[in-house]
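One structure is given here, and the rest of the page talks about it.
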Amino acid sequence: MEPAPTPVCDRREAGRARDTPPGCGRLQGGEEAGPRPRRGRGRGGSSGIPGARHRGLDASGHLEAPGGGPTIGFHKTGEKSLQSFQLKGVPFSVYGNLAVKDCCINPHSPLLHLTESSKLEKGSLPGTDWTVFQINHSAYQPVKTPENLSPPISKGAFYATIIHDLGLHDGIQQVLFGNNLNFWLHKLIFIDAISFLSGKRLTLSLDRYILVDIDDIFVGKEGTRMNTNDVKEHGIPTDMGYAVAPHHSGVYPVHVQLYEAWKKVWNIKISSTEEYPHLKPARYRRGFIHKNIMVLPRQTCGLFTHTVFYKEYPGGPKELDKSIQGGELFLIVVLNPIGIFMTHLSNYGNDRLGLYTFVNLANFVQSWTNLRLQTLPPVQLAHKYFELFPDQKDPLWQDPCDDKHHRDIWSKGKTCDRLPKFLVIGPQKTGENFLCYD
């Protein structure tokens, strides 16, 4: 067997033994310190890339026969005790049901696009059911490697929790994960694996545009509101063509009078809402254009009117940090090219959680990804959005009565208790969609 290449991670740590390469792949602890592994059966799953057939690990832990195109596979052992087995026809062994502590990304992996490889992730990875692969051939390249395993297996061996089959063995490339996607770093590498194995046909751009709103500047608690002098003294722009409705009402479901007043009084060109087409799930939010006003999807970030003290954050401060460091807020930035986030004036007083959240989010994104964070003025941002998603320009009209949250923010003058007096459905002479009821 050829020796597997050793990855090099920029760990910036002193005192590392000279005979241990900085590949973060050697294990700590004595040889056979834990219970002796026994052979067992594993569970495998595979996710085929478009245009490719499925290929992965079968129920016995064997590599299935070649089926055509590249594949992403996930392996998880079916028993709770430590297991080990050798896959038929491939030069690596599998060890299951392990706890993993500390890991790093191989900077030489050709998979990496969105993921930055320069850091060591310290701490215990979630769960005790990890699978690691012992690599014995250069045809299988480590993508993510563990630093410590529990129980230890053998000293001096090289292991990886994600491996890339370069296709040298049978002409078919695949990526195997030793766990599911619950670990945030696996999500990043999964995105990169899809991009690489699809020949860049399914690749996300690295550009991310972010706009942070500050709500309730005039309607907060007395003593915390902005006033006319604040705006004049600090030169706060008020003519950027962007507005958000109080209590999020009227943007969607649409209140026509709001759009007409916005245009007539303030010449508003852009707004945003978290209600279209529905509040949840947030990943389905979209934009639309109505009355020549561009409406972009808006995201929450865990900061609300009464979220003002770090130690009193709902669920504890760790919940906020978890969202920033690989959690919900981080993934919103990763998966959306344009993000408008809702904060409130009160989030910038007291413990200044608004600043804390987005400064730390930017630092984490820059540390772990190759994303290019930037911003644009609201109107330019809206044009950029609809350049990326031109199919979203026409709004999807729905019945507000079908969504409780939509009913709650609907105009008080409208009701779900009676049928409309007048209803017209059909194409206009211009060919545009037309729906009107009174």
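Numbering (the UniProt record's numbering), first residue to last: 1 to 438.
Beta carbons are placed, not taken as given, at the ideal position from N, Cα and C, and that holds for glycine.
These numbers were taken from a predicted model, which means no experiment stands behind them.
Less than 8 Å between the CB atoms is what I'm expecting for residue i and residue j, so what's the real figure, rounded?
{"i": "His113", "j": "Asp192", "result": "5 Å"}
{"i": "Thr273", "j": "Val251", "result": "4 Å"}
{"i": "Leu345", "j": "Ile214", "result": "6 Å"}
{"i": "Pro337", "j": "Ser205", "result": "6 Å"}
{"i": "Asn360", "j": "Leu353", "result": "Not a contact, Cβ separation roughly 10 Å."}
{"i": "Glu275", "j": "His248", "result": "6 Å"}
{"i": "Arg208", "j": "Leu371", "result": "5 Å"}
{"i": "Asn136", "j": "Thr161", "result": "Not quite, the Cβ-Cβ distance comes to about 16 Å (not below 8 Å), so this is no contact."}
{"i": "Leu197", "j": "Pro70", "result": "4 Å"}
{"i": "Ala157", "j": "Thr128", "result": "Their Cβ separation, rounded to whole angstroms, is 20 Å, which puts Ala157 and Thr128 out of contact at 8 Å."}
Output yes or no for whether 8 Å exceeds the beta carbon distance between residue i and residue j.
{"i": "residue 439", "j": "Ser109", "result": "Shown here, the chain extends from 1 to 438; a query on residue 439 therefore has no answer."}
{"i": "Thr369", "j": "Leu188", "result": "yes"}
{"i": "Gly403", "j": "His278", "result": "The sequence shown places Asp at residue 403, not Gly. Yes, the pair counts as a contact, with Cβ atoms nearer than the cut-off."}
{"i": "Pro378", "j": "Met226", "result": "no"}
{"i": "Ala382", "j": "Met294", "result": "yes"}
{"i": "Val143", "j": "Phe341", "result": "no"}
{"i": "Leu185", "j": "Glu121", "result": "yes"}
{"i": "Tyr159", "j": "Pro146", "result": "yes"}
{"i": "Tyr242", "j": "Ile210", "result": "no"}
{"i": "Phe190", "j": "Ile72", "result": "yes"}
{"i": "Tyr95", "j": "Ile163", "result": "no"}
{"i": "Thr375", "j": "Leu320", "result": "no"}
Buried or exposed: which applies to residue i, given that a residue is buried once 16 or more other Cβ atoms fall within 10 Å of its Cβ?
{"i": "Lys291", "result": "exposed"}
{"i": "Phe309", "result": "exposed"}
{"i": "His306", "result": "exposed"}
{"i": "Ala4", "result": "In this predicted model, Ala4 has a pLDDT of only 43, less than 50, meaning its place in the structure is not dependable enough to derive any value."}
{"i": "Cys104", "result": "buried"}
{"i": "Arg418", "result": "exposed"}
{"i": "Leu111", "result": "buried"}
{"i": "Trp262", "result": "buried"}
{"i": "Gly302", "result": "buried"}
{"i": "Leu168", "result": "exposed"}
{"i": "Ile268", "result": "buried"}
{"i": "His406", "result": "buried"}
{"i": "Ile324", "result": "buried"}
Go ahead and pull the three-state DSSP assignment for residue i.
{"i": "Ile172", "result": "coil"}
{"i": "Asn229", "result": "helix"}
{"i": "Asp394", "result": "coil"}
{"i": "Asp351", "result": "coil"}
{"i": "Ala99", "result": "strand"}
{"i": "Pro213", "result": "According to the sequence displayed, residue 213 carries Asp and not Pro. In this structure, Asp213 counts as strand in the three-state DSSP scheme."}
{"i": "Ile409", "result": "helix"}
{"i": "Leu296", "result": "strand"}
{"i": "Pro378", "result": "helix"}
{"i": "Leu149", "result": "strand"}
{"i": "Ile105", "result": "strand"}
{"i": "His290", "result": "strand"}
{"i": "Val90", "result": "coil"}
{"i": "Asp321", "result": "helix"}
{"i": "Ser367", "result": "helix"}
{"i": "Leu373", "result": "strand"}
{"i": "Leu335", "result": "helix"}
{"i": "Tyr385", "result": "helix"}
{"i": "Glu260", "result": "helix"}
{"i": "Asp417", "result": "coil"}
{"i": "Lys221", "result": "coil"}
Consider the C-beta atom of residue i and the heavy atoms of the ligand PLP; say whether any pair is separated by less than 7 Å.
{"i": "Leu168", "result": "Ligands are entirely absent from the displayed structure, and the ligand PLP is therefore not among its contents."}
Which residue's Cα is closest to the Cα of residue i: the options?
{"i": "Asp394", "options": "Leu376, His169, Leu353 and Arg286", "result": "Arg286"}
{"i": "Val181", "options": "Trp410, Trp130 and Ile332", "result": "Going by the sequence as given, residue 181 is Leu instead of Val. It is Trp130 whose Cα lies nearest to the Cα of Leu181."}
{"i": "Pro246", "options": "Ile236, Val265 and Ile217", "result": "Ile217"}
{"i": "Leu125", "options": "Ser117, Asn148 and Ser138", "result": "Asn148"}
{"i": "Gln366", "options": "Phe330, Gly315 and Thr145", "result": "Phe330"}
{"i": "Leu335", "options": "Phe304, Pro314 and Tyr284", "result": "Tyr284"}
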